[in-house]
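**Student:**
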Amino acid sequence: MEDKAFEAVPGDVLYTWILQARSDAQKNNVPLYEVDWFLQGVSSLSPSELSLGLYRDRVVPLRHSLDWLTQQWQRRLTERVPVQYLVGETPWRDLMLTVTPDVLIPRPETELMVEIMQAWVKQNKNLPEPMVWADLGTGSGAIAIAIAKAFPDAQVLAVDISSEALQVARQNAQRNGANNLEFHQGNWFEPLRDGRGKLSGVITNPPYIPSQMVLDLEPEVTNHEPHRALDGGNDGLEDIRLLIAKAPKFLQPGGLWLTEHMQGQAQTIAAMLAAIDIYKDIQIHPDLAGIERFISATFSP
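Quick note on the UniProt record's numbering: the sequence shown kicks off at 1 and runs consecutively.
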């Protein structure tokens, strides 16, 4: 989003607009905090300024007109468009990421994947340098960019089948100063044929929702987020099976395999990994709510 102000609005006028927006949100079962999210996306107001009304006695620069704000907020209420798509960006870890309907909105719980990977690296200090990591199904580039910034001497390969998603990921890499990234278009490992046996690790947040459940999700998800990034086939594990089967051709011995998954899938995925007998140290990791959300393994041929 551009930082240039579109118009300056008297604080008391904006305050009145916010009160009405909160009232409308309550009537339409939209969380009240999303009004503040929306305003933070179109102004420089801080959360405390918004919650305490500290802007009421001054002029507030906005990136869009009040009419635009009203039109977009109505889309949130009536069309259930996610607020992140309305403002065109979302915070994630220490990054600010551009998001469009071409990419899944990065979820807060996915941030833990980077922490799991960092902890694994600390415990596995004998990896060949420079490390080479692949983020498969990169979408907005969130995971790849976080890895690139955490390990500036590593090479990070961001892969997605969608050219539109890769365009967003490239923009986010530039926006967040991540320079040690390569972008590859294709399905999972297909564009990485030259990387056979070279990857320090594979990290992925693949589609894992069973097909029949995709249309029953919240309207914000079903009607607006890309189904390609959600639909994991009949049992939700179609892509994860492929990733388990294909990764050994690309991982270095001792390399990391790490995926996010849906609640209730962990034991099945762990059994799939164990059945191949070349994945060791299989671990299930909870998210902040204590839900089994991630699974990791070490490639040990």
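We put the CB at the ideal spot given by N, CA and C, even for glycine.
Being a predicted model, the structure only gives us computed values, none of them experimental.
1. Relative to the C-alpha of P152, which candidate in R22, Q71, Q118 has its C-alpha closest?
2. Cβ of V81 within 8 Å of Cβ of H227?
3. Am I right that V202 and L136 are in contact with their C-beta atoms under 8 Å? What's the rounded C-beta distance?
4. Just reading off the alpha helix (DSSP H) that residue 355 is part of, what are its end residues?
5. Under 8 Å between the Cβ atoms of L69 and V42?
6. Could you tell me whether the Cβ atoms of D231 and P206 are closer together than 8 Å?
7. If we ignore side chains and look at the alpha-carbon of each, how far apart do P191 and D102 end up?
8. Please name the residue in L199, T100, K125, V214 whose C-alpha comes closest to that of Q167.
9. Assuming contact is defined by CB atoms lying nearer than 8 Å, are N180 and A154 in contact in what I supplied?
10. For the region 291 to 300 against the region 254 to 261, are there 3 or more C-beta pairs whose distance is under 8 Å?
11. Distance check for E79 and K27, CA to CA, integer angstroms please.
12. Can you give, in chain order, each stretch of the beta strand (DSSP E) that sits fully within the region 20 to 95 and has at least 3 residues?
**Tutor:** On the basis of the supplied data:
1. Closest option to P152, Cα to Cα, is Q118.
2. no
3. 6 Å
4. Since the first residue of the chain shown is 1 and the last is 301, residue 355 is not available in this structure.
5. yes
6. no
7. One alpha carbon belongs to P191, the other to D102, and they sit about 20 Å apart.
8. T100
9. yes
10. Verdict: yes, contact present.
11. 14 Å
12. 59 to 62, 89 to 92
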